[in-house]
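Undergrad: Take 770 as the starting number for the sequence shown in the working numbering and just add one per residue. Right, I'll just put the structure down here and ask away after.
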Amino acid sequence: MPAAPLPALAPRRKTRQLFVGPVGVGSDHPISVQSMTTTKTHDINSTLQQIAELTASGCDIVRVACPRQEDADALATIARKSPIPVIADIHFQPKYIFAAIDAGCAAVRVNPDNIKEFDGRVKEVAKAAGDAGIPIRIGVNAGSLDPRLLAKYGKATPEALVESAVWEASLFEEHGFGDIKISVKHNDPVIMVEAYRQLAARTDYPLHLGVTEAGPAF
770 MPAAPLPALA PRRKTRQLFV GPVGVGSDHP ISVQSMTTTK THDINSTLQQ
820 IAELTASGCD IVRVACPRQE DADALATIAR KSPIPVIADI HFQPKYIFAA
870 IDAGCAAVRV NPDNIKEFDG RVKEVAKAAG DAGIPIRIGV NAGSLDPRLL
920 AKYGKATPEA LVESAVWEAS LFEEHGFGDI KISVKHNDPV IMVEAYRQLA
970 ARTDYPLHLG VTEAGPAF
């Protein structure tokens, strides 16, 4: 018997548009493929080699981790030599956000719940990103959710993930910055899918879908 035809995909919802380097993101553009390096970012040669391999495999955008100063120091060279746009994944210290922007990264991903005093620095981050013309990805993870939301919901529910993301986006919007995309990640795919459904219904931000708890420890 011939194979049954695949069901048609649902129409894409209308979202705002933004650019990660030359790569358009949002409903007016093709869905882009992003991956993340598993190297130590400060190992520039290994990181660039892995980016080249990802590019050859069809990757459109690449993300590199920036948990330490030595990683931040490597970003300018990596961003300049990478064949595809580089997103800096910022951990722990707000200063690395500004280092990534100054280094020429095409976008910055922040997890507000693991960056020290992040909410108090949003105005500065919004201005720096706006001046550089780069977008911000707000990446909320169940494993580092704000304790206040865990107390409110009892655990990392879809509603808790969505509230965290929408709240952080609203802080950027208050300062006139709207080039935002959002991710909410959980190790339970059912919870994650429901969180994305709620986000899609409540916002017009482009959504980043990814796998959490992947790759080696820092």
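Yeah, the Cβ is synthetic: ideal placement off N, Cα and C, and Gly gets one too.
From the DSSP output, read off the bridge partner residues of N910.
TA: Paired residues: K954.
Undergrad: Along the chain, where does the beta strand (DSSP E) that runs through A834 open and close?
TA: Unbroken beta strand (DSSP E) run through A834: I830 to C835.
Undergrad: According to DSSP, simplified to helix, strand and coil, what is P881?
TA: The answer is strand: DSSP assigns P881 an E or B state.
Undergrad: Taking contact to mean 3 or more Cβ pairs, one atom from each stretch, closer than 8 Å, check whether the segment 828-846 and the segment 914-921 are in contact.
TA: Not touching, per the Cβ criterion.
Undergrad: What alpha helix (DSSP H) runs, 4 residues minimum, are completely inside the segment 791-847?
TA: Runs found: 813-825.
Undergrad: In this structure, what does DSSP give as the bridge partners for A857?
TA: A857 is bridged to V833 and V877.
Undergrad: Which residues share a DSSP beta bridge with F788?
TA: G793.
Undergrad: Would the segment 781-797 and the segment 811-824 be scored as touching if the rule is three or more Cβ pairs under 8 Å?
TA: Result no; under three Cβ-Cβ pairs closer than 8 Å.
Undergrad: With DSSP as the reference, identify every bridge partner of L976, one or two as the case may be.
TA: Paired residues: I951.
Undergrad: Any idea what DSSP makes of I903, helix, strand or coil?
TA: Looking at I903 - three-state DSSP - the assignment turns out to be coil, as it is neither helix nor strand.
Undergrad: May I have the straight-line CA-CA distance separating P927 from R832, to the nearest angstrom?
TA: Cα to Cα, P927 sits roughly 25 Å from R832.
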